[in-house]
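*Asks:* In my numbering, the protein residues as written are 478 to 944.
Backbone N, C-alpha and C fix where the C-beta goes; we use that ideal spot for every residue, glycine too.
Got a structure for you, written out below as structure tokens; questions coming shortly.
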């Protein structure tokens, strides 16, 4: 007998439901150069390479966003999905940068061959890391990665290897004309976009596969995964190799964009950037690191100005001034990051997922079920979108909620605050028909609810410790 409760949405509806945000973002990124050109009334690809129009400038910014996004995706695969802490991820990034620059400038190798060799070197280094992961765990593996990257960083600066690495000055080289950031930045933009989409889809497909489920199991409970018969070393090797491959690819994108290699590409900063991006976006989620890396790079672009206009308009309070943020932009970014982590502890995507789940539960218990109970025909109309047979929806509608709305808000303070914050911000934005008003209300509500969130978070941790 078939269980009708296992019904799903219509296949076309399900496909659209699963992928519409990614398709929408991809279309937006594909048309981004032309959208910016129309808004700023500038040329997408100026006739002279020396002319940097507003559209061309933002193409360069987005290429950096794609590069940092690929690096954050690779880091999240190791840290967020597999649970391997790395403080030396910059060694893969620097390998891609230096390998291509040295092979093209010093050994006159073709650009395509240099890319393949750089990727192979990145995989070899990843295999060395995997062998270390056989014996080292936790903080010991993290310290190994930090020491490994620091060795490469110091070697790149040594006078002994200056003939090869250029020392502190680095190496300058020229990319092929068809992908040169000065002559054909639009082409480079679309190549970087293609690489970014490839990296995102590769990790997304991996994590949706059985191997991805094993990687998550290794992160959560490696002893249980090994007891169930999984070869934990094989799966960790898979994670490290794919992560190293993508990080090396990000380094290649970087050196093609800037046409130089310098020791800072091997420094700890190249690990901190994807780590912060993952924390902002949400560790252990597919779009989280990408969103965090985008906000990090674009936020830096807006903050790093000598005449930054500061205009705080939080409904009841307004403060306007002009400051020189060229020298202190990193301080502002750090303060914003600390406040963000305190207010949104699960990252943007993680908090949005939790909020959306709680909003759906709230709507189901206190809006949809009463509607079905009063108008049963609605269950039949909604079946193609919910995948729920009408008889099941009617049966669930007759079950009264365990808590009334007030008791539910007290029992689940985070759910109540997140749901009310999101609903109020969206409604105010629609009423004013301005995203600025919606964002203003969102920031205002997050700010005034921060103390309550901290108390609720502390109580949650106390319950976990007691349980």
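By DSSP's criteria, residue 737 is part of a beta bridge. Which residues make up the other side?
*Replies:* One-based indexing of the chain shown puts residue 737 at position 260. DSSP output for residue 737 lists 649 as bridge partner(s).
*Asks:* According to DSSP, simplified to helix, strand and coil, what is residue 584?
*Replies:* Here the question's residue 584 lines up with position 107 in the chain shown. DSSP places residue 584 in coil when its eight states are reduced to three.
*Asks:* Going by C-alpha to C-alpha distance, which of 742, 819 and 899 sits closest to residue 837?
*Replies:* What you label residue 837 is simply residue 360 of the chain shown in a count that begins at 1. Among 742, 819 and 899, the Cα nearest to that of residue 837 is on 899.
*Asks:* Can you tell me which of 550, 551 and 510 puts its alpha carbon nearest to the alpha carbon of residue 538?
*Replies:* In the chain shown, counting from the first residue as 1, residue 538 sits at position 61. Taking only the C-alpha atoms, the option nearest residue 538 is 510.
*Asks:* Given 8 Å as the limit, is there contact between the region 657-673 and the region 730-738, that is, 3 or more CB pairs closer than that?
*Replies:* Result yes; three or more Cβ-Cβ pairs closer than 8 Å.
*Asks:* Express the C-alpha separation of residue 547 and residue 774 in angstroms, rounding to a whole number.
*Replies:* Working through the chain shown from its first residue, we reach residue 774 at position 297. Working through the chain shown from its first residue, we reach residue 547 at position 70. Rounded to the nearest angstrom, the two C-alpha atoms are 13 Å apart.
*Asks:* Measuring CA to CA, which of 676, 597 and 692 is closest to residue 710?
*Replies:* Here the question's residue 710 lines up with position 233 in the chain shown. Checking every option, the nearest Cα to that of residue 710 belongs to 692.
*Asks:* Assign residue 751 to one of two classes, buried (16 or more other C-beta atoms within 10 Å of its C-beta) or exposed (fewer than that).
*Replies:* Your numbering for residue 751 matches position 274 in the chain shown. By the neighbour-count rule (16 or more Cβ atoms within 10 Å), residue 751 is buried.
*Asks:* For the region 665-689, list the alpha helix (DSSP H) runs that are entirely contained and at least 4 residues long, ordered along the chain.
*Replies:* Within the region 665-689, no complete alpha helix (DSSP H) run reaches 4 residues.
*Asks:* Rank 915, 743, 729 and 531 by C-alpha distance to the C-alpha of residue 573 and give the top, closest one.
*Replies:* Residue numbering aside, residue 573 sits at position 96 when the chain shown is read from its first letter. Checked all of 915, 743, 729 and 531; the closest Cα to residue 573 is 729.
*Asks:* Would residue 506 and residue 632 qualify as a contact pair, given that the criterion is a beta-carbon distance under 7 Å?
*Replies:* Walking along the chain shown from the start, residue 506 turns up at place 29. Walking along the chain shown from the start, residue 632 turns up at place 155. Not closer than 7 Å, so no.
*Asks:* Between the Cα of residue 565 and the Cα atoms of 924, 768, 747 and 905, which residue gives the shortest distance?
*Replies:* Residue mapping note: residue 565 aligns to position 88 of the chain shown, counting from 1. Nearest C-alpha to residue 565: 747.
*Asks:* Where does residue 811 land, buried or exposed, given buried means 16+ other C-beta within 10 angstroms?
*Replies:* By one-based count along the chain shown, residue 811 stands at place 334. Residue 811 comes out exposed.
*Asks:* Whole angstroms are fine: how far does the CA of residue 687 sit from the CA of residue 757?
*Replies:* Within the chain shown, numbered from 1, the residue matching residue 757 stands at position 280. Within the chain shown, numbered from 1, the residue matching residue 687 stands at position 210. Each residue's alpha carbon lies about 27 Å from the other.
*Asks:* Determine the extent of the alpha helix (DSSP H) in which residue 945 is found, giving its start and end residues.
*Replies:* The structure shown does not extend to residue 945, since the chain spans only 478 to 944, so no value can be given for it.
*Asks:* What are the boundary residues of the alpha helix (DSSP H) that residue 525 is part of?
*Replies:* For the purposes of this step, residue 525 is taken as the residue at position 48 of the chain shown. Looking at the DSSP string, residue 525 is not in any alpha helix (DSSP H), and its letter there is neither H nor E.
*Asks:* Could you check what DSSP says for residue 520 in three-state terms: helix, strand or coil?
*Replies:* In the chain shown, the residue the question calls residue 520 occupies position 43. In the structure shown, residue 520 sits in coil (DSSP, three-state: anything other than H, G, I, E or B).
*Asks:* Can you have a look at residue 480 and say buried or exposed, based on whether 16 or more other CB atoms are within 10 angstroms of its CB?
*Replies:* As a position in the chain shown, residue 480 is number 3, starting the count at 1. Any reading at residue 480 is ruled out, since the residue's pLDDT is 42, under 50, leaving its predicted position unreliable.
*Asks:* State the start and end residues of the unbroken alpha helix (DSSP H) segment that holds residue 556.
*Replies:* Taking the first residue of the chain shown as position 1, residue 556 is located at position 79. Looking at the DSSP string, residue 556 is not in any alpha helix (DSSP H), and its letter there is neither H nor E.
*Asks:* Would the beta-carbon of residue 856 fall within 7 Å of that of residue 871?
*Replies:* Working through the chain shown from its first residue, we reach residue 856 at position 379. Working through the chain shown from its first residue, we reach residue 871 at position 394. Yes, Cβ-Cβ distance for residue 856 and residue 871 is below 7 Å.
*Asks:* Beta-carbon separation of residue 493 and residue 725 under 7 Å?
*Replies:* Taking the chain shown and counting its residues from 1, one reaches residue 493 at position 16. Taking the chain shown and counting its residues from 1, one reaches residue 725 at position 248. In this structure, residue 725 does not lie closer than 7 Å to residue 493 by Cβ.
*Asks:* Can you tell me the Cα-Cα spacing of residue 835 and residue 896, whole angstroms?
*Replies:* Taking the first residue of the chain shown as 1, we reach residue 835 at position 358. Taking the first residue of the chain shown as 1, we reach residue 896 at position 419. Their Cα atoms are separated by approximately 7 Å.
*Asks:* With DSSP collapsed to three states, give me the class of residue 483.
*Replies:* Along the chain shown, one-based indexing puts residue 483 at 6. Because residue 483 carries a pLDDT of 42, less than 50, the predicted location of this residue cannot be relied on, and no value is offered for it.
*Asks:* Quick check: the region 914-932 against the region 814-821, are there 3 or more CB pairs under 8 Å?
*Replies:* As far as the Cβ criterion goes, the region 914-932 touches the region 814-821, which means the pair count is three or higher.
*Asks:* Let me make sure I understand the geometry here. Which of 893, 534, 603 and 590 has the alpha-carbon closest to that of residue 552?
*Replies:* As a working note, residue 552 is residue 75 in the chain shown. Nearest C-alpha to residue 552: 603.
*Asks:* Looking at residue 766 and residue 776, is the spacing between their C-beta atoms short of 7 Å?
*Replies:* Looking up residue 776 in the chain shown gives position 299. Looking up residue 766 in the chain shown gives position 289. No, the pair does not count as a contact, with Cβ atoms beyond the cut-off.
*Asks:* Assign residue 853 to one of three DSSP states: helix, strand, or coil.
*Replies:* For this step, residue 853 is matched to residue 376 along the chain shown. The answer is coil: DSSP assigns residue 853 none of H, G, I, E or B.
*Asks:* What residues in its chain sit with their C-beta under 6 Å from that of residue 792, if we drop five residues either side in the sequence?
*Replies:* Translated into positions along the chain shown, residue 792 becomes position 315. At residue 792, the pLDDT of 49 sits below 50, so the modelled position is not reliable; the number obtained from the coordinates is stated separately. If we look at residue 792 and ignore the five residues flanking it on each side, its Cβ neighbours are 921.
*Asks:* Could you check if residue 491 is buried or exposed, using at least 16 other CB atoms within 10 Å of its CB as the buried criterion?
*Replies:* Against the chain shown, residue 491 aligns to sequence position 14. Counting Cβ neighbours within 10 Å, residue 491 comes out exposed, since fewer than 16 surround it.
*Asks:* Can you give me the start and stop residues for the alpha helix (DSSP H) that residue 830 sits inside?
*Replies:* Your numbering for residue 830 matches position 353 in the chain shown. Its alpha helix (DSSP H) spans residues 824-840.
*Asks:* How about residue 576 and residue 598: are their beta carbons less than 7 Å apart?
*Replies:* As a first step, residue 576 is located in the chain shown; it is residue number 99 there, counting from the start. As a first step, residue 598 is located in the chain shown; it is residue number 121 there, counting from the start. Closer than 7 Å, so yes.
*Asks:* Of the residues 512, 530, 764 and 517, which one's Cα is nearest the Cα of residue 500?
*Replies:* Within the chain shown, the letter at position 23 stands for residue 500. Answer by Cα proximity: 764.
*Asks:* Is the CB-CB distance between residue 716 and residue 559 below 7 Å?
*Replies:* What you label residue 716 is simply residue 239 of the chain shown in a count that begins at 1. What you label residue 559 is simply residue 82 of the chain shown in a count that begins at 1. Cβ distance < 7 Å, so residue 716 and residue 559 count as in contact.
*Asks:* Quick one: Cα of residue 605 to Cα of residue 873, how far?
*Replies:* Looking up residue 605 in the chain shown gives position 128. Looking up residue 873 in the chain shown gives position 396. Distance between the alpha carbons of residue 605 and residue 873 is about 55 Å.
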